[in-house]
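Per full-length UniProt numbering, residue 1 is the first one in the sequence shown, and the count goes up by one each step. In this text, a Cβ means the ideal position worked out from N, Cα and C, and glycines have one as well. As the structure is a computational prediction, the values presented were derived from the model and not from experiment. Before any comments, here is the structure.
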Amino acid sequence: MSRKVMMSCALTGAGDTTGKNPDVPVTPKEIADSAIKAAKAGATIAHIHVRDPKTGALSHDVELFRETVERIRESETDIIINLTSGGGGDWVPSDADPTRGGEGTDMQTPEERHEPIGKLLPEMCTLDCGSTNFGNMLYVGPTDWLRRQAKLVQESGVKPELECFDTGHVRFANQLIKEGLIDGDPLFQFCLGIPWGAEADAETLAYMKSRVPENSRWASFGIGRMQMPMVAESVLQGGHIRVGLEDNLYLKKGQLATNEQLVDKAAGIVETLGADLMTPAEARKELNLLDPYAKRG
Numbered sequence: 001m002s003r004k005v006m007m008s009c010a011l012t013g014a015g016d017t018t019g020k021n022p023d024v025p026v027t028p029k030e031i032a033d034s035a036i037k038a039a040k041a042g043a044t045i046a047h048i049h050v051r052d053p054k055t056g057a058l059s060h061d062v063e064l065f066r067e068t069v070e071r072i073r074e075s076e077t078d079i080i081i082n083l084t085s086g087g088g089g090d091w092v093p094s095d096a097d098p099t100r101g102g103e104g105t106d107m108q109t110p111e112e113r114h115e116p117i118g119k120l121l122p123e124m125c126t127l128d129c130g131s132t133n134f135g136n137m138l139y140v141g142p143t144d145w146l147r148r149q150a151k152l153v154q155e156s157g158v159k160p161e162l163e164c165f166d167t168g169h170v171r172f173a174n175q176l177i178k179e180g181l182i183d184g185d186p187l188f189q190f191c192l193g194i195p196w197g198a199e200a201d202a203e204t205l206a207y208m209k210s211r212v213p214e215n216s217r218w219a220s221f222g223i224g225r226m227q228m229p230m231v232a233e234s235v236l237q238g239g240h241i242r243v244g245l246e247d248n249l250y251l252k253k254g255q256l257a258t259n260e261q262l263v264d265k266a267a268g269i270v271e272t273l274g275a276d277l278m279t280p281a282e283a284r285k286e287l288n289l290l291d292p293y294a295k296r297g
């Protein structure tokens, strides 16, 4: 039997990308519709941020998350819902006073970052595992904050996806596991190629996967032009995959993509390499996820 691969589709992200590709979904309806199309193309998991419907900018509004989740759950298309819990972590020091955040700073407490997870109880959520230089800003995730957030996720029963943007994040994720803050078999996501985190290449991926516990599942993704090469590399090294407009706007050079086109292209790579895509039902069993309907109401 061939190996089964989980494919996440990161639908919209938080970046300033809506003006660069008109198919980046913005409203809850657009995000939900994109998740449904991605599922029909073969995606196992939908990774969801939300945006302000008027401006297209990142939003933390729980009601926007709620509408998006409800639209997906009420459709007849099955896909696992994975909400971001990254929330507000962007820090840009003010030139006038570097002890304060300047323009572009967007900070939330661990409790605020967790609010959509605790209220909506998705099957999965991300859990960033450290601070990192992110382009010209800093994503802030102090370790004690992350311990508080991990505890909140644990108490909710939602499965955390341990997002690691650099090798030190893997170390801290392992520490969370040792401290009993991660239940069951851990799931890692190696986020590669983001300036200035871990490189998107075979050697970095091989190192990071070598540092996780034996009972772990792991996936990886590359951004921009490295998205599809890292799909292939992840499958070859025994992991799972992620694609989507959060990470890459193009199907090929000069041709803008939709989420479902990226999923379809990645599905072809998986098949060519002799693996099959895992269904949402198979992944729920594999990851021991919450029943998406059992705890509602």
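For M208, count neighbouring C-beta atoms within 10 Å of its own C-beta (all shown protein chains included) and say buried if the count is 16 or more, exposed if not. buried
Should L236 be labelled buried (16 or more other beta-carbon atoms within 10 Å of its own) or exposed? exposed
Determine whether the beta carbon atoms of V62 and E111 lie at a separation below 8 angstroms. no
W91 versus D52, I223, E30, P142, residue with shortest Cα-Cα distance: P142
Looking only at DSSP bridge pairs, what is F65 linked to? Paired residues: none, contrary to the question.
In the DSSP assignment, find the unbroken beta strand (DSSP E) run with L127 in it and report its ends. 124-128
Cβ pair N21, L287 closer than 8 angstroms: no
How would you label A266, buried or exposed, when you count the other beta carbons within 10 angstroms and need 16 or more for buried? buried
How many angstroms separate the CA atom of L120 from the CA atom of R66? 7 angstroms
With contact counted as at least three CB pairs below 8 angstroms, one residue from each stretch, are the segment 154-162 and the segment 88-107 in contact? no
Go through its chain and collect everything with a Cβ distance to E163's Cβ below 7 angstroms, but skip five positions before and after it. T126, L127, D128, C129, Q189, C191
Looking at the unbroken beta strand (DSSP E) that takes in Q189, where does it start and where does it end? 187-192
Take G56 and list the residues in its own chain whose beta-carbon comes closer than 7 angstroms to its own, dropping the five residues that flank it on each side. T18, V26
Whole angstroms is fine: what's the gap from I31's alpha carbon to V243's? 15 angstroms
Count the C-beta pairs between the segment 3-18 and the segment 42-49 that are closer than 8 angstroms, then say yes if the count reaches three, no if not. yes
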